[in-house]
Every structure is written in C-alpha cells, then in structure tokens.
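Written out below as structure tokens is the structure these notes cover.
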Amino acid sequence: MKDFLAHAGWGAAAVSPLPGDASTRRYARLAMGGRNAMLMDQPQDAEGASVPPGAGEETRRALGYNAVARVAGADCARFVAAAHWLRGHGLAAPEIYAADHAQGFVILEDLGDDLFAQVLEDGGDEKALYDHAVEVLAKIHANDAPASLSPEKPLFDYDQLALMAETDLLTEWFMPLALGCKATDDEIAQHRALWRAALAGIAGSRRVFVHRDYHAQNLLWLPQRHTIARVGLIDFQDAVAGSQAYDLISLIEDARRDVSPQVAEAATVHYLAALKAQGTPVDEAGFRHEMAVMAAQRNAKIVGVFARLYKRDGKARYLAYLPRVWATLEHDLAHPALADLRAWYDRVIPKDKRAVEPI
15 MKDFLAHAGW
25 GAAAVSPLPG
35 DASTRRYARL
45 AMGGRNAMLM
55 DQPQDAEGAS
65 VPPGAGEETR
75 RALGYNAVAR
85 VAGADCARFV
95 AAAHWLRGHG
105 LAAPEIYAAD
115 HAQGFVILED
125 LGDDLFAQVL
135 EDGGDEKALY
145 DHAVEVLAKI
155 HANDAPASLS
165 PEKPLFDYDQ
175 LALMAETDLL
185 TEWFMPLALG
195 CKATDDEIAQ
205 HRALWRAALA
215 GIAGSRRVFV
225 HRDYHAQNLL
235 WLPQRHTIAR
245 VGLIDFQDAV
255 AGSQAYDLIS
265 LIEDARRDVS
275 PQVAEAATVH
285 YLAALKAQGT
295 PVDEAGFRHE
305 MAVMAAQRNA
315 KIVGVFARLY
325 KRDGKARYLA
335 YLPRVWATLE
345 HDLAHPALAD
355 LRAWYDRVIP
365 KDKRAVEPI
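Position 9 of the sequence shown, counted from 1, bears residue number 23 in the numbering used here, the numbering being contiguous throughout.
Below is the structure:
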C-alpha cells in the first residue's frame, strides 16, 4: 500500500481508516496538502472468484457463488469501469485518481460524509432526497443497458441463474438458523420451482444498468452541485444488466432504515413521471408487477445474506434488521402473482421464527 500511494503521488498523505461494513473492502481517507481522497483496499484473497467473461453456466457453478450470482468479488477493475461509465453519463460517481487492479488498490474522489442516511437522520427532507434519487434512476434508465462498461469489462446479465442463486441463500443460511435444522431436499426444490415460476412472469423485460445496492447508505448528498450530479454514487462494483424495477425497490424498501409507504409510493410516482417526461414511459401495471417480483426476490436474498453475515462472518448486528426485511418481504408477497410463494413461506417458516436472536 505504501508503494502504491508513493507511486500515485500520495505517499505523504495522512491515512485515516474508516469503519467497515458487510463487505471485505476496506476504506481510508487520505489527507495531504489541503487535498482529500479515498483509498479503497480490496484484499485479493478475501472473496471467491468472480465470473470471467464468456463463462457458461457449468463454469460459473464450478467457480462458486460469486460467479453464479454475478458478484464482482475482488475485481476492483469492475468498480473502476463502472465509475467511468457513470461519470460519462453525467452522474456523480467518484473520479478515479489511480488504481492498481492486481493489488486491489484504488484512489478515488472523496465525496464527503453526507450519506442520505445521515442527512435524513439529521432532519433532511426525505421526500426531496428520494425525488432526487429517483431522478438519477430515470436518467440511467433512459437507455438500455450497455453491452460493456469498458472493452475489458462486459456488463453481465442479471439472469435467472444469478437471481436463483440469491434466493437459495434463504434456504441455505436462514432456515437452519431459524428452524434449527437444514432445509430438506423437497423444501429446496419447492422453493426453487416457485421462484422460477415467479421470475418467468417478468422474463423478457427491458434490461438497464442496475447499480444493485442503491439505497440511503450508498448515496451522498452533494447540494453544491446541480441536477442529477447532486446525488453521489458509491458501492456499484456489482452492477449488472437487469430489471428496471430493481434499483427503485432497493431504494424504497431499505433493509437498514424505515421508509414509510407514503414516501415509497411518492418516489414511485415521481420516478414514473420522470420517465414519461424524458420520453421513456412504461406500462404502469406491468411495471408494478415487476416491482413486486423484484422486491420479493431482493428481500428473500437479504434474509439469507444477513443470516450468512451472522453465522459465517460473526456479524451479529445484521440480525437486528431481519424483522424489517421480513415485514417488507411479507408486504411484497401480498401481490396476487406471488400467492403460491407466500403460502410456501407461511407454511415452512412460521412468522414466529422469522426473527433470530444472537446465540
């Protein structure tokens, strides 16, 4: 790291580590001569293999979860490519100052500390901030997903194999934790069959650039900038080509903070209006169906991810989010198109088992 900083011209910088979260990446703030920057440190041996370009289903399965689910893993070059793509469309992703992809180091623009989550906690105008956030999504969704972020980094499709791998996390990690025994082969097969049917109902929908983790902890408020550049974007290294509903759901069904039904609906209406105003309207009924399916899929995944963070990684604080995630998942499953999935969850995972206490 010292060699990298010196070569990049930041060798004399003061390095102040920042608290970590769910990922294996580490961040530090650099300060030198009145200038600030952020250092990303992605340990190259900390995560499984990411998916190589052109890999088929068999190869992806052989490489493990990251390859199957289209997760970037330790590939910080994918973050750099996504940052350049977003900035090229007028969006406030951090400028990249220097990078060593092989070692996993990136020096990037410091967008400050005003995360939407913190601004809202301090009394910020929730509706105004969410309106700004959905205007950014409308801008991103003005065009179809690009085939690639750079010549070396294709934008992978968020295909059924990836989506199913994510919902499998619930049966693999949450059910043993909550029920005290592994899911049976029949339960796993039923769960998969129900999800295949639900996802088939939105197959063929338009593909757009999907940030994949678009929520108040990954958006920064930059009021000194203008229009869509007032929303700073981070943590987009796992971007894929996927459903137009996915990032909107990520925003309004936040696993870490309560978003009222009124704010969520207002944000949805504003997003639809922004699409119409820019000349890319959608069929509202079909889009709301797609929102329900993507919302349920995402929240089922998060239930599994938070159980895994506790059981595998010892991060007990994520269990505290499970009641909120289950509440939103139950709301999503109320859509008529998901009635069979709702019945399965109610039968197999009783409601009194959906909150888990640390052991």
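For each residue, glycine too, the CB sits at the ideal point set by N, CA and C.
Can you tell which of Ser-274, Arg-43, Ala-28 has the C-alpha that lies nearest to the C-alpha of Gly-34? Arg-43
Can we say the segment 213-224 touches the segment 241-257, given the rule of at least three CB pairs closer than 8 Å? yes
Using DSSP bridges, identify the partner residues of Asn-50. Ala-45
Go ahead and pull the three-state DSSP assignment for Phe-170. coil
Determine, using beta carbons only, whether Glu-180 and Val-362 come nearer to each other than 8 Å. no
With a Cβ-Cβ cutoff of 8 Å, do Leu-100 and Phe-250 count as a contact? yes
Terminal residues of the continuous alpha helix (DSSP H) containing Tyr-2? Examination of residue 2 is not possible in this model, given that the chain is present from 15 through 373 alone.
Classify Arg-49: buried if its beta carbon has 16 or more other beta carbons within 10 angstroms, exposed otherwise. exposed
Would DSSP call Asp-354 helix, strand or coil? helix
Take the Cβ of His-240 as the centre, count every other Cβ of all protein chains shown within 10 Å, and call the residue buried at 16 or more, exposed below. exposed
Could you name the residues that DSSP lists as bridge partners for Gly-256? Val-222
Any idea if His-303 is buried or exposed, counting beta-carbon neighbours within 10 angstroms, 16 or more meaning buried? buried
Distance, Ala-76 Cα to Glu-140 Cα: 44 Å
Note the first and the last residue of the continuous beta strand (DSSP E) segment covering Ala-321. Ala-321 -> not in any beta strand (DSSP E); alpha helix (DSSP H) instead, spanning 298-325.
Could you pull out every unbroken beta strand (DSSP E) segment of at least 3 residues lying fully inside the segment 100-133, listed in chain order? 110-114, 119-122
Taking a contact to mean a Cβ-Cβ separation below 8 Å, would you say Glu-123 touches Ala-51 in this structure? yes
Cβ shell of Lys-196 (< 8 Å), same chain only, five flanking positions each side left out: Once the five neighbours on either side are set aside, the close Cβ partners of Lys-196 are Met-189, Pro-190.
Excluding the 5 residues preceding and the 5 following Glu-267 in the sequence, name in chain order all residues of the same chain whose CB lies nearer than 6 Å to its CB. Ala-309, Thr-342
CA-CA distance, Trp-24 and Val-94? 19 Å
Buried or exposed for Val-283, going by 16 or more other Cβ atoms inside 10 Å? exposed
Report the CB separation of Ala-161 from Leu-355 in whole angstroms; it is logged as a contact under 8 Å. The pair is not a contact, with the Cβ atoms about 33 Å apart (cut-off 8 Å).
On the DSSP bridge assignment, give the partners of Pro-31 in chain order. Ala-42
Rounded to whole angstroms, what's the CA-CA distance from Ala-314 to Leu-184? Just pull it up for me. 6 Å
Asp-297 to Ala-369, Cα distance in whole Å? Approximately 37 Å, taken between the alpha carbons.
Work out the CA separation of Ala-291 and Ala-152 for me, nearest whole Å. 10 Å
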